[in-house]
Amino acid sequence: MCLLILLVLFFLQQKIVIKVTLQTNRSREKALALAARWDGVASLALTGDGRDQLEVVGDGIDAVALVSALRRKVGPAEILKVEKIKEGSKSQALKEPSQWVQAYPYYYYPSPQFQHYSPPSPLIKELSDDCSVM
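Mapped onto mature numbering (1 follows the signal peptide of the UniProt record, and there is no 0), the consecutive letters of the sequence shown carry residue numbers -18 to -1, 1 to 116.
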């Protein structure tokens, strides 16, 4: 378990170029949506002359499994290139922002608690015909 975590932590970013047969806009959207949901994907792009190459950049992406999923959902696909991205370009991409924004914690005011008091029941006194005083 510990070895697996260390391997994932030290795994470098990689760029995968996949040639996919994309004939319609619907198939392009489908391929991009499928690749975007994949674990570890940092960026996507359609490249090539006919926009038929899918360029995927990320950490720990299983290229074979991604191509298999693309073949099932979209159509014919093949891996053209898998290369590791150099550390220098990765550190340039992850530079600290020039200004940090203060994040305020969420606080929801509780809803007011109302006490419901029922109105007093009316006291009904019946008047009798016979008067005891007279």
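Glycine included, each C-beta is placed from N, C-alpha and C at the ideal position.
Using three-state DSSP, classify residue i as helix, strand or coil.
| i | result |
| --- | --- |
| Leu(-13) | In this prediction, Leu(-13) scores a pLDDT of 41, lower than 50, which makes its location untrustworthy; no coordinate-derived value is stated. |
| Ser50 | helix |
| Lys68 | coil |
| Ser100 | coil |
| Lys12 | helix |
| Lys107 | coil |
| Ala59 | strand |
| Ala18 | helix |
Quick check: what's the CA-CA separation for residue i versus residue j?
| i | j | result |
| --- | --- | --- |
| Ile106 | Gln97 | 27 Å |
| Leu52 | Ala59 | 7 Å |
| Pro101 | Ser93 | 24 Å |
| Leu14 | Leu36 | 8 Å |
| Glu108 | Tyr90 | 54 Å |
| Thr3 | Val46 | 17 Å |
| Ala27 | Val83 | 30 Å |
| Gln(-6) | Ile67 | 6 Å |
| residue 140 | Tyr88 | Here the chain covers residues -18 to 116 and nothing more, so residue 140 does not appear. |
| Leu16 | Ser50 | 11 Å |
Run through the DSSP bridge pairs and tell me what residue i is partnered with.
| i | result |
| --- | --- |
| Ser(-6) | The identity of residue -6 in the sequence shown is Gln, whereas the question assumes Ser. Paired residue(s): Asp41. |
| Gln95 | None; Gln95 has no bridge partner. |
| Gln35 | Lys1, Thr29 |
Classify residue i as buried or exposed, calling it buried when 16 or more other Cβ atoms lie within 10 Å of its own Cβ.
| i | result |
| --- | --- |
| Leu62 | exposed |
| Gln5 | exposed |
| query | For the 8 Å Cβ check, are there 3 or more pairs between the region 40 to 60 and the region 19 to 29? | reply | With a cut-off of 8 Å on Cβ pairs, the region 40 to 60 is in contact with the region 19 to 29, counting three or more such pairs.
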